[in-house]
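Undergrad:
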Amino acid sequence: MSLRFNSDGTFRVLQMADIQDGPDVREDTIRLIEAAIRKAHPDLIVLTGDQIRGYDPAYIDTFLRRRGEQPGTHVRAVTEIEAKIRGIKRHPIAKTLTKSQPSDERWMIDGIGTDSPKLVKSAGRNGSASKLESWAEAINRVTAASLLDETRQKVRDTFAAFLGPALESRIPFAATYGNHDFQCGILADEQDDLYREFAGCMNPVAGSSPLALEPGTFALPIEASDGSGRITMSVMMVNSGDYADTADAGDGNGRQSVTEYAKYAANSRGWDLADSDGYGTPSPEAVEWLKDVQRELGRRNGDGQAVPAIAFQHIPPQEFYDCLREVPAYTPNAVEGAREFAGHCYVLDRDVCRPGSRLGEAIGCADVNVGEVDALRESGGYFALFCGHDHKNSFVGHVHDIDLGYAPTCGFECYGPKSRFRGIRLFEFREDNPMAYVTRMLTWGDLVGRYSSNELRVFFEDHCVTDLIGVRNELRRPQVSATLLGAGAVTCGAIGYAVRGLLRKSQ
143 MSLRFNSDGT FRVLQMADIQ DGPDVREDTI RLIEAAIRKA HPDLIVLTGD
193 QIRGYDPAYI DTFLRRRGEQ PGTHVRAVTE IEAKIRGIKR HPIAKTLTKS
243 QPSDERWMID GIGTDSPKLV KSAGRNGSAS KLESWAEAIN RVTAASLLDE
293 TRQKVRDTFA AFLGPALESR IPFAATYGNH DFQCGILADE QDDLYREFAG
343 CMNPVAGSSP LALEPGTFAL PIEASDGSGR ITMSVMMVNS GDYADTADAG
393 DGNGRQSVTE YAKYAANSRG WDLADSDGYG TPSPEAVEWL KDVQRELGRR
443 NGDGQAVPAI AFQHIPPQEF YDCLREVPAY TPNAVEGARE FAGHCYVLDR
493 DVCRPGSRLG EAIGCADVNV GEVDALRESG GYFALFCGHD HKNSFVGHVH
543 DIDLGYAPTC GFECYGPKSR FRGIRLFEFR EDNPMAYVTR MLTWGDLVGR
593 YSSNELRVFF EDHCVTDLIG VRNELRRPQV SATLLGAGAV TCGAIGYAVR
643 GLLRKSQ
């Protein structure tokens, strides 16, 4: 399937960020997607990561807090609490498979992922055949592989739900990955296979051509409307990793170093609401590919020239902070930076940001800068990089000769802004000058109405905090501070009234 500009010289793209839901996708999310498609008549939909709420209780038996773990071993406390509230129980065998055994008698599953996994016992002086048989009987009933099969079906069901409007409208789509997708226990390569089960999926098989580097990192050329096959522009999807890595270990794609993993393992069952390990980055191969793929597109056009291109990924690079202006801590609506930028407060720099831009939370970038934006600039052709990840942000700024922008969450099962600000970003490109694109938000408030079907939940998601930085950011919101001051005044008045009454009685 090839993408082509329309006969009127336009090409429309919808960016959906952070759907972040479980198998039973919220009806409000589906309504928003349907309304955006009706409004925009898009030619392509790009999903920029965290489609899957990997920490949802539905995936509790196969949950991965970090890649490389045994599924279901380190379930977050908040997930367990939510599971109890929703009446979801872990499968008994899942608890058995993840339970630590005595050091002299360790049990493991050999051949996980095959049709006939077998239980093997390591050397141990106290091993018993009866125990082996009881474990074998349990494994025969439910195996780790079968638990993962159940999760695959749940992921497939999630995809079917939020892709439903696109499938009905026969709109092609492409997906990359965020820091929560893999946490369900199904990694990006398998999720890629699941996406390709649906008609209209543009995700190529990794390594199948120079345009397809890895799951979530690939190019989608858009050809001229005249049918000549000439590539007029390209959409680049980039896998921006998941969690932190350091220079002395790993592949740069979110894998943790030994040191970082040790810190995590010491509190592996923590709340982890703020993803305190820090975030990942595109792999070194992906950064280099961003340069190489432009040369490949130029070769295919026969002129060696870079083509106009826009990149989409999940986690923003550090340069997004250059769209902000540092201000005093007492500035209304200022947000405090995260991690490397903590201790500094920011507002949008209106000199570089487009009208309608919104900053609702700190930019959650990685602690290191891998030079991705520099690579985009040096390659030529790239005119914009858009991300998701930070659910309350929807600004577009122009710095370093490139546009850097966000789409906020379009989901209603995760934290985010007020209902009316949740939405999907529309892009319209013109064949004669793709770089002069137009973009705007298609929000719930504009398309559906002011309120969602569960405003109490949305209110909580808008105001929930996970650390002291979040508390301070909340206090800078004028409505919050005014409410707290009013409540404080009423409380002080009530206390004063009670004290005066007691004093009168004592006289």
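In case it helps, my numbering puts the sequence shown at residues 143 to 649.
For each residue, glycine too, the CB sits at the ideal point set by N, CA and C.
1) Rounded to whole angstroms, what's the CA-CA distance from E514 to I364? Just pull it up for me.
2) Could you tell me which residues DSSP pairs with D163 in its beta bridges?
3) Drop a sphere of 10 angstroms on the beta-carbon of I566, count the other beta-carbons inside from all chains shown, and report buried for 16 or more, exposed for fewer.
4) Taking the alpha carbon of G320 as the reference point, which residue from R467, I161 and A177 has its own alpha carbon closest?
5) Reducing DSSP to helix, strand and coil, say where C343 ends up.
6) Note down, in chain order, each residue of its chain lying with its Cβ closer than 6 Å to the Cβ of F304, except the 5 sequence neighbours on either side.
7) Less than 7 Å between the beta carbons of E503 and V477, yes or no?
8) State the Cα-Cα distance for the pair R208 and E597, rounded to the nearest angstrom.
9) Tell me whether the beta-carbon of C487 lies closer than 7 Å to the beta-carbon of V469.
10) What is the DSSP secondary structure of L546, reduced to helix, strand or coil?
11) From which residue to which residue does the beta strand (DSSP E) around G539 run?
12) When the Cα of P213 is compared with those of L189, D291, R154 and L156, which residue comes out closest?
13) Taking the DSSP output, what are the residues bridged to F153?
14) Name the one or two DSSP bridge partners that S376 has.
15) If you draw a straight line from the C-alpha of I328 to the C-alpha of P620, how long is it?
16) Let's test the definition: count the other Cβ atoms within 10 Å of the Cβ of S376 and tell me whether it reaches 16, buried, or not, exposed.
17) Does the stretch 332–350 come close enough to the stretch 547–558 to have 3 or more Cβ pairs within less than 8 Å?
18) Quick one: Cα of T318 to Cα of C634, how far?
19) Using 10 angstroms around the beta-carbon of E520, count the other beta-carbons present and answer buried if the total reaches 16, otherwise exposed.
20) Would you report the Cα separation of V114 and R173, rounded to the nearest angstrom?
21) Measure the alpha-carbon distance for S258 versus T293 and round it to whole angstroms.
22) Quick one: is D150 buried, meaning 16 or more other Cβ sit within 10 Å of its Cβ, or exposed?
23) Which residues bound the alpha helix (DSSP H) around E224?
24) Less than 7 Å between the C-beta atoms of C465 and V541, yes or no?
25) For F360, tell me which candidate among F301, P307 and D434 has the shortest Cα-Cα distance.
26) If you count every other CB in all the chains shown that lies within 10 Å of the CB of N575, and 16 or more means buried, which is it?
27) With H, G and I counted as helix, E and B as strand and the rest as coil, what does DSSP make of G113?
TA: Put simply:
1) It is roughly 23 Å from the alpha-carbon of E514 to the alpha-carbon of I364.
2) DSSP, once it has assigned bridges, lists I194 as partnering D163.
3) Around the beta carbon of I566, 16 or more other beta carbons lie within 10 angstroms, which makes this residue buried.
4) Of R467, I161 and A177, the residue nearest in Cα terms is I161.
5) In this structure, C343 counts as strand in the three-state DSSP scheme.
6) Result list for F304: I161 and V167, in chain order.
7) Cβ atoms of E503 and V477: closer than 7 Å.
8) If you take the alpha carbons of R208 and E597, they lie about 32 Å apart.
9) It is a contact, given that the beta carbons lie within the stated cut-off.
10) Collapsing the DSSP output to three states places L546 in a strand.
11) Judged by DSSP secondary structure, G539 falls within the beta strand (DSSP E) whose first and last residues are V538 to V541.
12) For P213, the closest alpha carbon among the candidates L189, D291, R154 and L156 is that of D291.
13) Residue pairing of F153 in beta bridges, as defined by DSSP: F571.
14) BP columns for S376 point to P363 and A451.
15) When rounded, the separation of the alpha-carbon atoms in I328 and P620 is 42 Å.
16) S376 counts as buried, since no fewer than 16 other beta carbons sit within 10 angstroms of its beta carbon.
17) Flag = no, the stretch 332–350 and the stretch 547–558 do not touch.
18) Their Cα atoms are separated by approximately 53 Å.
19) By the 10 Å Cβ count, E520 comes out exposed.
20) Coverage of the chain is limited to positions 143 through 649, which leaves residue 114 absent and any answer about it impossible.
21) With a pLDDT of 36 at S258, under the threshold of 50, the predicted position of this residue should be treated as unreliable, though the coordinate-derived value follows. Going by C-alpha positions, S258 is about 19 Å away from T293.
22) Under this definition D150 is an exposed residue.
23) A219 to R228 is the extent of the alpha helix (DSSP H) around E224.
24) Taking a C-beta distance under 7 Å as the contact criterion, C465 and V541 qualify as a contact pair.
25) Of all alpha-carbon atoms in F301, P307 and D434, the one lying nearest the alpha-carbon of F360 is that of D434.
26) It is exposed - the Cβ of N575 has fewer than 16 other Cβ atoms within 10 Å.
27) Summary: the structure shown does not reach residue 113, with the chain confined to residues 143 through 649, and so no result is reported for it.
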